[in-house]
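**Q**
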Amino acid sequence: MKKKKIIIVIIILAIFLIGFGIWYLLSSQEQEETNPEPTAPPAVEISTWEDIIMKNRGQNHYYIDYNFQITGPDLNVNGTLTFDINHDEQEQLIDATITKNEEDPLVYHGIYDLYYNDRFYYNLDDRSTYLSVDEKNDIETIYSLMEKATDVNTETFTISKDEMQNILEQSVIRYLTETKGDDVITVSNDVVFHYTMDEELKLLKTLNAEFTINDDQTMTVSYTFQTGSDTAA
-18 MKKKKIIIVI
-8 IILAIFLIGF
2 GIWYLLSSQE
12 QEETNPEPTA
22 PPAVEISTWE
32 DIIMKNRGQN
42 HYYIDYNFQI
52 TGPDLNVNGT
62 LTFDINHDEQ
72 EQLIDATITK
82 NEEDPLVYHG
92 IYDLYYNDRF
102 YYNLDDRSTY
112 LSVDEKNDIE
122 TIYSLMEKAT
132 DVNTETFTIS
142 KDEMQNILEQ
152 SVIRYLTETK
162 GDDVITVSND
172 VVFHYTMDEE
182 LKLLKTLNAE
192 FTINDDQTMT
202 VSYTFQTGSD
212 TAA
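For what it's worth, my numbering labels the leading residue of the sequence shown as -18, then goes sequentially.
Printed below as a string of structure tokens:
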């Protein structure tokens, strides 16, 4: 059960990190529409990360791949999460594998119910058992940090090292980075996220960032969005 909860926290954190970028991007573009400039980027038709997950502009079946890696002198963490989102079935399949050094990998396969939106079913044969997650306070905290992004443009946005440090101070990140006791996770540099947009769907297509934590650990994150037609091709 503890491993399942760790994976679920990682899944939520992954969604928050991607949502972090979306919120900043769209907030900046709304300001540019109010005061248009010749070089202003085209308007994006969505308003929040929730629009990608819950509405997705008519795409009923799509995939999100999220990967991260943390490396250091004695540390090697690899994580892969795949979201298979099917609005016709009102559910979201989740596959996740987290490997830390030589430890046994944490593996998760379950369903996130799009109708009840707070239920993670970890036994696919028995829907009477599930984990319930209250995301409200966490989401409000993340969104309050989103308002502090800087240097938002058509290709990148920047999050200060202090704000990123606040995001990463989660118990699961402390576990993965082997941060002990009262030690604080430190972020060594401002984090620049590079992104691309799908011009047709007006959705985030890719997102990548690399930064240093705890002085000697490198953390990289990447995200790719695919529709069912992308995968079929």
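In this text, a Cβ means the ideal position worked out from N, Cα and C, and glycines have one as well. Owing to the predicted nature of the structure, the values given are computational and were not obtained by experimental measurement.
1. By alpha-carbon positions, which one of THR137, THR52 and GLN73 ends up nearest to VAL173?
2. Among the candidates ILE140, THR160, ASP46 and LEU74, whose CA atom is the shortest distance from the CA of TYR89?
3. Is any beta-carbon of chain C found at less than 8 Å from that of HIS175?
4. Counting along the chain, where does the beta strand (DSSP E) carrying SER203 start and finish?
5. Report yes if the CB atom of ILE215 is closer than 8 Å to the CB atom of ASN189, and no otherwise.
6. Could you tell me how far apart the beta carbons of GLY60 and ILE79 are, in whole angstroms, since I believe they sit closer than 8 Å?
7. Would GLU150 be called buried (16 or more neighbouring beta carbons within 10 Å of its own) or exposed?
8. Alpha carbon to alpha carbon, how far is ARG155 from VAL168? Give it in angstroms, no decimals.
9. At what residue ranges does the region 42 to 73 contain a whole run of the alpha helix (DSSP H), taking only runs of 4 or more?
10. Measure the C-alpha to C-alpha separation of PRO86 and PHE49 and round it to an integer number of angstroms.
11. Answer yes or no: do ILE140 and ASP171 have a C-beta to C-beta separation smaller than 8 Å?
12. Give me the Cα-Cα distance between PHE64 and ASP76, rounded to the nearest whole angstrom.
13. Would you tell me roughly how many angstroms separate the C-alpha atoms of MET145 and VAL202, rounded to the nearest one?
**A** Per the coordinate set shown:
1. Selected option, being the one with the closest Cα: THR137.
2. Nearest option by C-alpha distance: LEU74.
3. Within the model displayed, chain C is absent; a lone protein chain is all it includes.
4. Run containing SER203: 198 to 208, per the beta strand (DSSP E) assignment.
5. Residue 215 falls outside the range modelled here, since the chain spans only -18 to 214, and no answer is possible.
6. The C-beta distance from GLY60 to ILE79 rounds to 5 Å, short enough to fall under 8 Å.
7. Exposed is the call here.
8. Cα-Cα distance, rounded: 13 Å.
9. Within the region 42 to 73, no complete alpha helix (DSSP H) run reaches 4 residues.
10. Answer to the nearest angstrom: the Cα atoms are 14 Å apart.
11. Yes, the Cβ-Cβ distance between ILE140 and ASP171 is below 8 Å.
12. Straight-line Cα distance between these residues: approximately 7 Å.
13. Approximately 13 Å, taken between the alpha carbons.
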